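Undergrad:
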Amino acid sequence: MSILISLSQYLITFIIGSGQVVTLPILLFPFISGGDPAVASAYSLLFAGVAILTLFGMDLALKRYYQNKKNTAGKI
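Heads up, the sequence shown is in my numbering, so the first residue is 612 and it goes up one at a time.
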């Protein structure tokens, strides 16, 4: 989730972290502003994929947790 939040925080992150904190916007900005757009696209897809997989993983884990909780509550 921090990847999605940091997309709009390039300037704040750059000012506060003085370029020492590595976030997605810090990685992408040089490629988007004049570097290789193919590399920027690859980074964007990679980080979007990680975020989507994390959300699906959390969804699956929560479904299993609440299903197990529901099953064990009925046995008591």
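Note that beta-carbon positions come from the ideal geometry of N, C-alpha and C, so glycine has one too.
None of these values were measured; they are calculated from a predicted model.
Report the residue from 662, 664 and 653 whose alpha carbon sits nearest the alpha carbon of residue 639.
TA: Ranking 662, 664 and 653 by Cα distance to residue 639 puts 653 first.
Undergrad: Which value, in whole angstroms, describes the spacing of the CA atoms of residue 661 and residue 684?
TA: Roughly 34 Å separates the two Cα atoms.
Undergrad: Could you tell me the alpha carbon to alpha carbon distance between residue 678 and residue 669, rounded to whole angstroms?
TA: Computed Cα separation, rounded: 14 Å.
Undergrad: Please classify residue 629: does DSSP put it in a helix, a strand, or coil?
TA: In the structure shown, residue 629 sits in coil (DSSP, three-state: anything other than H, G, I, E or B).
Undergrad: Is the beta carbon of residue 650 closer than 7 Å to that of residue 658?
TA: Cβ distance not < 7 Å, so residue 658 and residue 650 don't count as in contact.
Undergrad: At the level of alpha carbons, what is the spacing between residue 676 and residue 627?
TA: C-alpha separation (whole angstroms): 39 Å.
Undergrad: Which same chain residues, not among the five before or five after residue 648, have their C-beta less than 8 Å away from its C-beta?
TA: Cβ neighbours of residue 648 beyond the five flanking positions: 642.
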